Every structure is written in C-alpha cells, then in structure tokens.
Amino acid sequence: MESVINEGAAVSAKQAEKIAYENNKLHKRLCRLVGQAIGDFNMIEDGDKVMVCLSGGKDSYGLLDILLTLRERAPIHFDIVAVNLDQKQPNFPEHVLPEYLAKIGVPFHIENQDTYSIVKRVIPEGKTTCSLCSRLRRGILYRVADELGATKIALGHHRDDILETFFLNMFFGAKVKGMPPKLQSDDGKHMVIRPLAYVKETDMERYAQVKQFPIIPCDLCGSQENLQRKQIKAMLREWEKKFPGRVENIFSALSTVVPSHLMDRQLFGFADLKLTGEIMLDGDIAFDEEPCAPPSSNVVRFGDLGD
C-alpha cells in the first residue's frame with residue numbers, strides 16, 4: 048500500500064513539474080512576443096509614463112503583468128500607472144481592482160464616471176451599447192492621460208482583435224483598415240499602443256488561468272457582445288481548425304502590403320504611372336499561371352509558439 052502511495056506521489060510531482068515548466072514557457076513566450084512588438088513599432092521609449100488601461104478582463108490584466116516583467120529587464124526606464132474607468136454599471140465589484148493593484152504594488156487611478164446612465168438613456172432598449180460606450184470611454188481616458196502626465200496609453204488588444212477588426216472593416220465598412228499596434232489620436236495629442244499585437248487570444252486565456260487574475264465580467268451593462276465581431280471570431284477559429292496556417296498568413300499579410308497591386312488612387316499614383324524601362328522586382332504577375340506568390344522568408348510566423 049505504501050509503495051502505491053509513493054508511486055502516486057511521484058506521478059503527481061512529475062505532473063506538477065511539467066505544468067510548472069509549461070507555464071514558465073508560456074510566460075517567456077508572451078514576454079518575447081510583447082517585447083518584439085514594442086521593439087518593432089517603437090512603442091515605449093526612455094522616460095515614458097505608460098498608462099495601462101485596466102478593464103478587469105484577462106487581456107488587460109495580462110498586459111499589465113507582462114509590462115511589469117519587461118520593465119525590470121528593459122535597458123530603458125519607463126513608469127507604469129494602471130487606470131480603470133468605473134462606469135457605474137450595476138453590480139460592478141469596485142473593490143476588486145484597487146485591492147489587486149495595491150497587493151502587487153502598482154500605482155493606479157480609478158476614474159469614476161457614470162457613463163452607464165448616459166448610454167442607457169441614449170441607446171434604445173435592445174440595441175447594442177458598445178459603440179457609444181467606447182466613444183465615451185475613449186474621451187475620458189484621454190483626459191485622464193493628460194491629468195496623469197502619461198505619454199503612452201496601452202490597450203490590451205491582441206492579435207485576434209486586430210484580425211477581427213480587419214475583417215469587420217472589410218465586410219461591413221468596405222475598407223481595408225485594421226487596428227494598428229501604434230496609433231496617434233485624432234487630436235494629435237495622445238499615442239495609443241497595443242503591445243499584445245503579436246499575441247494569440249488563446250495564450251492570454253491560458254495565462255489568465257495560470258495567474259488566477261480576479262476577472263471582472265464584461266457584460267455587467269447587460270449589452271450583448273457585438274454580434275458581427277462574434278461571427279468574425281467564429282469564422283477565424285473555424286479557418287484555424289480546418290486550414291492550419293491560413294490565419295497566420297492573413298496576419299502576416301497585414302505587414303506585407305503592396306500598394307501598387309491594390310486600387311487606392313490616394314495610396315498609389317496610378318494616373319501618373321509611366322513606363323520606366325526598369326525591372327520591378329514585385330511587379331506584374333497578370334500572365335502567371337499561379338496567381339499566388341509563395342510566402343516570403345521574412346513573414347512573421349507563429350508556428351513556434353508551442354516551443
């Protein structure tokens with residue numbers, strides 16, 4: 048009997064060791080991908096004060112946690128302040144975020160603004176409130192960034208959010224437009240960054256479980272998640288299941304754009320195009336039998352995420 052117990056203990060110890068190893072590998076991968084995105088787009092510079100917008104969801108928790116790790120390793124100095132906008136939704140657990148942030152020792156600011164009442168008054172019953180809520184939230188957070196002296200505003204959007212936005216704009220907005228990793232606000236006064244740009248949502252889901260973040264549900268306002276976004280998300284996940292690599296290639300394509308082979312006259316001067324007699328390396332393929340060029344060797348790939 049004792050030998051059976053000892054054997055079971057040994058198996059449990061091995062399982063625990065394997066789990067710890069996988070969790071550590073996940074953390075390293077996330078730090079590498081976030082660090083790569085920050086470097087590729089020059090998101091954070093020496094002396095920056097980064098305002099991390101914390102909603103209480105898995106992505107913003109994960110973003111804050113990874114940025115804190117990278118700050119300790121970075122060759123530059125930057126400060127971090129966490130900001131939450133309490134929009135006074137019914138049953139919002141207002142104690143959760145302050146307690147969590149105080150526990151990990153991160154400077155924070157809770158902004159109290161009753162946007163919930165405004166949205167409910169303006170939007171008809173049964174209609175999605177997300178659009179107006181987002182606009183109100185954005186304006187408030189820009190003001191708070193000014194008040195706190197923040198030079199960068201960090202949002203928790205990941206790779207899947209970027210891809211979904213791209214298809215939403217194409218299918219429903221008739222635009223080839225996405226969600227950039229780095230964006231200047233319309234008034235030219237704020238810089239928004241998305242350090243999770245290279246990170247898959249499934250990794251953020253697992254990381255939240257590993258870290259046991261105190262997640263606050265995002266449906267407290269009673270509004271349904273954008274149904275069009277849900278459809279796009281389902282489409283991408285189905286593609287990922289049926290055609291491995293397709294979603295990765297689409298994401299890579301967002302950073303490999305050839306304006307001369309699209310139709311935007313503002314982006315490329317088709318009207319002024321003249322013969323030069325010079326060879327164009329990525330020029331016309333109109334008469335090629337195979338219309339799709341093979342993937343280039345410098346395409347960003349995510350096949351090594353499991354390493």
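With the sequence shown counted from 1, adding 47 to any position gets you the working numbering. For each residue, glycine too, the CB sits at the ideal point set by N, CA and C. Values in this document were obtained by computation on a predicted structure and should not be read as measured data.
Between residue i and the rest of its own chain, which residues show a CB-CB distance below 6 angstroms, the 5 nearest in sequence each way excluded?
{"i": "GLU92", "result": "none"}
{"i": "VAL247", "result": "The residue asked about is misnamed: residue 247 is Lys in this sequence, not Val. ARG206, listed in sequence order."}
{"i": "LEU148", "result": "ALA129 and PHE155"}
{"i": "ASP311", "result": "none"}
{"i": "CYS265", "result": "GLY104"}
{"i": "GLN256", "result": "none"}
{"i": "PHE349", "result": "Low per-residue confidence applies at PHE349: pLDDT is 38, beneath 50, and the placement is therefore not dependable, though the value from the model is reported in the following sentence. Closer than 6 angstroms at Cβ, skipping near neighbours: GLU295."}
What number of angstroms, rounded off, separates the C-alpha of residue i from the C-alpha of residue j?
{"i": "SER181", "j": "GLU69", "result": "36 angstroms"}
{"i": "ARG284", "j": "LEU322", "result": "44 angstroms"}
{"i": "GLU64", "j": "ASN71", "result": "11 angstroms"}
{"i": "HIS204", "j": "PRO154", "result": "22 angstroms"}
{"i": "ILE151", "j": "ASN89", "result": "27 angstroms"}
{"i": "ASP354", "j": "ILE66", "result": "Confidence is the limiting factor: at ASP354 the pLDDT is only 43, short of 50, which leaves the residue's position unreliable and the question unanswerable from this model."}
{"i": "MET282", "j": "SER299", "result": "18 angstroms"}
{"i": "SER164", "j": "GLU287", "result": "40 angstroms"}
{"i": "HIS124", "j": "ASP95", "result": "8 angstroms"}
{"i": "ASP106", "j": "LEU210", "result": "16 angstroms"}
{"i": "LYS75", "j": "LYS277", "result": "30 angstroms"}
{"i": "ALA197", "j": "SER59", "result": "47 angstroms"}
{"i": "LEU101", "j": "ALA121", "result": "22 angstroms"}
{"i": "ILE187", "j": "ASP193", "result": "10 angstroms"}
{"i": "ARG293", "j": "LEU243", "result": "20 angstroms"}
{"i": "ILE85", "j": "ASP126", "result": "15 angstroms"}
{"i": "ARG167", "j": "GLU119", "result": "The residue asked about is misnamed: residue 167 is Lys in this sequence, not Arg. When rounded, the distance between both Cα atoms is 43 angstroms."}
{"i": "GLY324", "j": "GLN313", "result": "24 angstroms"}
{"i": "PRO291", "j": "VAL239", "result": "32 angstroms"}
{"i": "ASP87", "j": "LYS289", "result": "31 angstroms"}
Ignore the nearest five residues each way along the sequence and tell me which others in residue i's own chain have a CB closer than 7 angstroms to its CB.
{"i": "GLN356", "result": "With the chain covering only 48 through 354, there is no way to say anything about residue 356."}
{"i": "TYR254", "result": "LEU73, LEU77 and GLY109"}
{"i": "VAL191", "result": "VAL130, HIS156 and GLU158"}
{"i": "GLY82", "result": "LEU117"}
{"i": "MET217", "result": "VAL223"}
{"i": "ILE297", "result": "LEU210"}
{"i": "SER307", "result": "PHE315"}
Could you check if residue i is buried or exposed, using at least 16 other CB atoms within 10 Å of its CB as the buried criterion?
{"i": "PHE317", "result": "exposed"}
{"i": "THR162", "result": "buried"}
{"i": "ARG241", "result": "buried"}
{"i": "GLN136", "result": "buried"}
{"i": "GLU295", "result": "buried"}
{"i": "PRO228", "result": "buried"}
{"i": "ALA221", "result": "exposed"}
{"i": "VAL169", "result": "exposed"}
Have a look at the DSSP bridge pairing and note the partners of residue i.
{"i": "ALA129", "result": "VAL99 and PHE155"}
{"i": "ALA201", "result": "VAL99 and ILE240"}
{"i": "GLN231", "result": "MET238"}
Leaving out the 5 sequence neighbours to the left and right, which residues in its chain are closer than 8 angstroms to residue i when beta-carbon positions are compared?
{"i": "LEU32", "result": "This structure gives no information on residue 32, because the portion of the chain shown stretches from 48 to 354."}
{"i": "ASP133", "result": "PHE139, GLU141, ILE157, GLU158, ASN159 and GLN160"}
{"i": "ILE326", "result": "none"}
{"i": "TYR189", "result": "ILE200, SER232, ASP234, LYS236 and HIS237"}
{"i": "ARG184", "result": "LEU132, GLN134 and THR162"}
{"i": "GLU252", "result": "LYS105"}
{"i": "LEU195", "result": "LYS96, MET98, VAL128, VAL130 and HIS156"}
{"i": "VAL143", "result": "GLY103, PRO261 and ILE263"}
{"i": "PRO145", "result": "PHE155 and ILE157"}
{"i": "PHE219", "result": "GLN275"}
{"i": "ASP351", "result": "Confidence at ASP351 is low in this model, with a pLDDT of 45, below 50, so the placement of that residue should be treated as unreliable; the coordinate-derived value is given next. So no residue of the chain qualifies."}
My assumption, with CB atoms under 8 angstroms, is that residue i sits in contact with residue j. Please give the rounded CB distance.
{"i": "TYR245", "j": "LEU80", "result": "4 angstroms"}
{"i": "ASP112", "j": "LYS258", "result": "6 angstroms"}
{"i": "ALA201", "j": "VAL97", "result": "5 angstroms"}
{"i": "LEU230", "j": "GLN275", "result": "So it is not a contact: roughly 22 angstroms between Cβ atoms."}
{"i": "MET226", "j": "ASP250", "result": "With a Cβ gap of about 18 angstroms, MET226 and ASP250 do not count as contacting."}
{"i": "PHE213", "j": "LEU301", "result": "7 angstroms"}
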